[in-house]
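**Student:** Structure in structure tokens, see below.
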Amino acid sequence: MTDIQPIYLLLLTILLTGCAYAITALGHRRLSRKLQALARRWQMHYSPRDQLRISARVAQAFPVPGAANVRVIDLVYGQKEQRHRFIFTVEYTLGVLRAKHRAVRVASFSEGKEDPAATHPIRLAPALGSLIDQYQTLAPTDDGV
């Protein structure tokens, strides 16, 4: 049996890592396009990052006990009448000691334009279906929630 040179193993590892990264990036690009289309249909805006820096507010009021390392991405946001509306993907860690795992869900909340303290609680979409399905279950309604 022939010996495999370590440099070939290194190159194979780099190649596989690059392929995995490219596949992940292409998947997120496809999701971003779908979310942009949803945002346009809802007359809202889309940002792949948390440019409004709502992660800290979401972490404080997050309705899942024990959630840690809360991160907001794929933010759809807009304003209707006197309310700001946010729909987003939230990633968080569950578990304390051994069985930690990362969860991904779609959530939403709204707050008053003049009075940010007038905030509706964070709602989580059912964990069924794709992320797009979850966004659609939290589609904006006429009451601003």
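Under our numbering, the sequence shown has 97 at position 95, and the numbering climbs by one with no breaks. Even for Gly, the Cβ is constructed at its ideal location relative to N, Cα and C.
1. Going along the chain, which residues of its own chain have a beta-carbon closer than 6 Å to the beta-carbon of Y94, five neighbours each way excluded?
2. Cβ atoms of V108 and L133: under 8 Å apart, would you say?
3. If you reduce the DSSP assignment to three classes, tell me which class G80 lands in.
4. Between the C-alpha atoms of Y10 and G29, what's the straight-line distance to the nearest angstrom?
5. Given this structure, state the Cα-to-Cα distance separating K115 from L130, to the nearest angstrom.
6. Is L189 near Y79, with beta carbons less than 8 Å apart?
7. So F111 packs on H103, CB below 8 Å; how close in whole Å?
8. For P31, count neighbouring C-beta atoms within 10 Å of its own C-beta (all shown protein chains included) and say buried if the count is 16 or more, exposed if not.
9. Output needed for A75: all residues of its chain with C-beta closer than 6 Å, excluding positions within five of it in sequence on either side, in chain order.
**Tutor:** In this structure, then:
1. A69, V72, A105
2. yes
3. strand
4. 29 Å
5. 32 Å
6. One cannot answer for residue 189 here, as it falls past the ends of the chain, which runs 3 to 147.
7. So it is not a contact: roughly 24 Å between Cβ atoms.
8. It should be pointed out that residue 31 corresponds to Arg in this sequence rather than to Pro. Flag for R31 reads exposed.
9. Contrary to the premise, residue 75 reads as Ile rather than Ala in this sequence. Here the set comprises T91.
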